[in-house]
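In UniProt numbering, the protein residues as written are 1 to 927. Positions of the beta carbon are idealized from the N, C-alpha and C atoms, including for glycine. Single-structure report; data block below.
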């Protein structure tokens, strides 16, 4: 019989799983359900490196374990296939994004299947397939045809709002809507034209068109999200990005802000992740106050969380984007202000929020009037104030806020005391409690008393009120690019109307180039006859030319997995009632304020409208850590093609250079391979140590630019998929970052071979006994069963691997080959190393797949200690070890130990002065 051949075994069982459809999941109400989900990948041309499968391996172990525990498991996989990278590649090479995306997906699927995942491939989704994005378009239309009722705290159909307008106008309507929405009566509503009514409804719809300040990248020809911009340049390609006002589709996520906050308390997510969402939503309780501007009819409205400090205001700061600035800036200040605005608009909001130490600004020349004190306050602009947060205007209190304090110091502006006895020469003091307000009508009041009185003053004067504000902005839902979902909207008389749902999908058309037109229109303007004719009409109306953003298709995909081939609904109601929500979701923290927030928003909307059962989509979420690369370095003597070995570099003037890790074995460089690596290195010379070239190393992010990417295909070819799976888990706790080091993988490979040898004799012939297991063997097995169950339920998968290794070592030491032990051992090994386990299970004589077998039940009684092995010391030196029953009387133990042959030999027949027996610990004989 051949030795353990991982390639042969893994190919065999992967084909078996595929042919038998082993992991296809269907509704089965006789079993409890378990839905395990991975954040689906974007299929790049580079394929997977060993860091990518980490989370997938963890979810696969859990999924296989849950099947063994009797659960009906849904464990799907698909591809987030729309996006800018494929389009940029198409622009550079002329290849169609659909073709390159298909090729990339084929590569990913091949790699994923080679790792032996228990994915239900019959439910695969691809966001770029028309059968899928038909339903993304359908959800968009549902959002378009909905509004948010703040009195009921839920989304409702737009027809309900139209009925309210027709019966009573909008005076009593509490809705999320545009700030400039005007009041009207029922009679006025009925008197509106069709166009006027539709324009009004756009101010209420959950997805709507509006003039919005966006990050515009001319080189990429598209709007970018804040996360896609760094220091004024696009993260992809490093192209300049400017702020620009554009008519854009947006989604009213702000309407759900409070529910998005409240829902976090119900989720089994890590606290740091929940805190990231809380900070992004950014709830602030405070007040809005309107201030007159000297010499102007315009007014400035500020939002503040500290209205109690209003007597400490010494200047106002406006966001550079506000239109008001042009009106109030004096001629003397105009050039400086315009120059500042030009610079500020090219800085991303993320950078403006984080660059706290950089102080810049410009004085408009205008003055506002503090309604509490009547004093004139200079109006400045500064990039640390954002147009989208609050009102885009801040009442600066340098005595109470550090950023205001730094600004005042930089521009030599007054710093007024906020509290009695406050020393304004020191840094800002924002302490709330235990201080006394120092001025005007708030003098002598505590923080809360002053807040209440100041808010009441604003309301009495009609110049403000208490208000809750949120940092989160409505989400821009359009990109001026090609490779995305078409927006299912046509324009009639300049007004957007949704396409009829029975006419979906609006299919992405073929075009000749993937660039904007010469007139600056999005790429879809290049499509021929890109129009829509509603039923019953003869006019072909233009369709929306923007496409949806990358997060559209990923904001609902877990529902499509439940019922991926349904052409009549995005998910069948009965199917959705069974699977409900995701029990375990594994993915990266980088999606905390993007995908995860938008997904929760869409889920809450679908819940409000009665389309789904659960308000929150993901019960438990785990963020896997990153597997980092182990980079290697060579050291080039400056100005030469000479390379110095690590421990000799101090003797030369060297520059470190990354080298491909495939050319390095145990930090020793393959010098011939290095010379063949690049043409410029063909004549490289080496200064060696002990006859070899030793490389330096460093742990870094795995990336092609650092030449430290390890391809899982290479690992699988050499060691096998089961070894890769177990090694990735063995590297450390799932949530932590850990470095990849191929040196350590050999130990896992040897472990699997040792497990294989338990079932075979020295000639590698099958050798499993039907003899009854000993108590010691049963104890080893059940100790492992208990620990692995606990570890899997706690996602401590690295210690599960250690437990399996210990069990195999202990059973090997006992030369255990008992079927009673090895069958259970194979089952508990199978979630981690499924291929070898299936092979051994079959050889044990079973015809059903191991994924159908019940996980062994843990028997506590087998771990109860019936005896204890006592070390026996004679005059302080351990001379032997003897086992006695744990309930044996001390007198009996003493008689027995003194009669023991070894003890008699060491005592030389002398009577002991004392025999000390510590139960279940030690026996000490003193002569």
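- Item | Three-state class that DSSP yields for residue 94 in the structure shown | coil
Report all residues from its chain with a CB closer than 6 Å to the CB of residue 774; omit the five preceding and five following residues, and keep chain order. none
Residue 652 in three-state terms, based on DSSP | coil
- Helix, strand or coil for residue 575, going by three-state DSSP, please let me know. helix
**Message:** Helix, strand or coil for residue 24? Go by DSSP, reduced to three states.
**Reply:** coil
Point to revise | For residue 699 and residue 630, believed in contact at Cβ under 8 Å, the rounded distance | key: 6 Å
Is residue 268 helix, strand or coil when you go by DSSP?
strand
Next on the checklist: Using a Cβ-Cβ cutoff of less than 7 Å, which residues in the same chain neighbour residue 751 once the five nearest sequence positions on both sides are dropped?
Outcome noted: 805, 808
The beta strand (DSSP E) with residue 36 in it runs from where to where? 33 to 38
Q. Any idea what DSSP makes of residue 924, helix, strand or coil?
A. strand
Discussion item. So for residue 287, helix, strand or coil by DSSP?
Written reply: strand
Sorted by chain position, which residues of the same chain lie with C-beta nearer than 7 Å to residue 382's C-beta, five sequence neighbours on each side aside? 317, 360, 361, 407
Quick check: the region 99 to 115 against the region 535 to 543, are at least 3 beta-carbon pairs closer than 8 Å? no
Residue 891 in three-state terms, based on DSSP = helix
- [ ] Would you kindly check if the distance between the Cβ of residue 118 and the Cβ of residue 937 is under 8 Å?
- [x] Outside the displayed range of the chain (1 to 927) lies residue 937, so it cannot be described from this structure.
*Proximity to residue 177 [Cα-Cα], best of 254, 189, 157*: 254
- Query: For residue 175, which three-state DSSP category applies?
  - Reply: strand
State yes or no: is the C-beta of residue 86 within less than 8 Å of the C-beta of residue 483?
-> yes
- request: Measure from the alpha carbon of residue 914 to the alpha carbon of each residue in 902, 895, 901, then state which is nearest.
  value: 895
* To do: Express the C-alpha separation of residue 329 and residue 533 in angstroms, rounding to a whole number.
  => 49 Å
Helix or strand or just coil, what does DSSP make of residue 768?
coil
Who are the Cβ neighbours of residue 434 in its own chain at under 6 Å, not counting the five residues just before and after it? At residue 434, the pLDDT of 48 sits below 50, so the modelled position is not reliable; the number obtained from the coordinates is stated separately. Counting only Cβ-Cβ distances below 6 Å, and skipping sequence neighbours, we find nothing.
Report yes if the CB atom of residue 158 is closer than 8 Å to the CB atom of residue 145, and no otherwise.
yes
Given residue 506, which residues of its chain have a CB within under 7 Å of its CB, disregarding the five upstream and five downstream residues? 137, 486, 488, 499, 543
(message) Among the candidates 93, 25, 18, whose CA atom is the shortest distance from the CA of residue 515?
(response) 93
#### Entry: Beta-carbon spacing of residue 234, residue 245 below 8 Å
no
I'd like to know if the region 863 to 880 and the region 893 to 911 are in contact, where contact means that at least 3 CB-CB pairs between them fall below 8 Å.
yes
| field | Collapsed DSSP secondary structure at residue 6 in the structure displayed | value | helix
* Could you tell me if residue 504 is buried or exposed, where buried requires 16 or more neighbouring beta carbons within 10 angstroms of its beta carbon? => buried
Residues near residue 175 by beta carbon distance below 8 Å, same chain, minus five either side: 147, 148, 149, 150, 161, 204
Exercise for the section: Counting only runs of 4+ residues fully inside the region 147 to 220, write out the alpha helix (DSSP H) ranges in chain order. Expected result: 158 to 168, 186 to 191, 194 to 202
- Can at least three beta-carbon pairs, one atom from the region 716 to 725 and one from the region 746 to 762, be found at a separation below 8 Å? yes
**Item:** Nearest-angstrom Cβ-Cβ length linking residue 615 and residue 263, presumed shorter than 8 Å
**Value:** 7 Å
Unbroken alpha helix (DSSP H) run spanning residue 130, endpoints: 130 to 144
(request) Please classify residue 403: does DSSP put it in a helix, a strand, or coil? (result) helix
Item checked: Beta-bridge pairing of residue 85 - partner residues as DSSP gives them -> The partner list for residue 85 (beta bridge, DSSP) is empty, contrary to what the question assumes.
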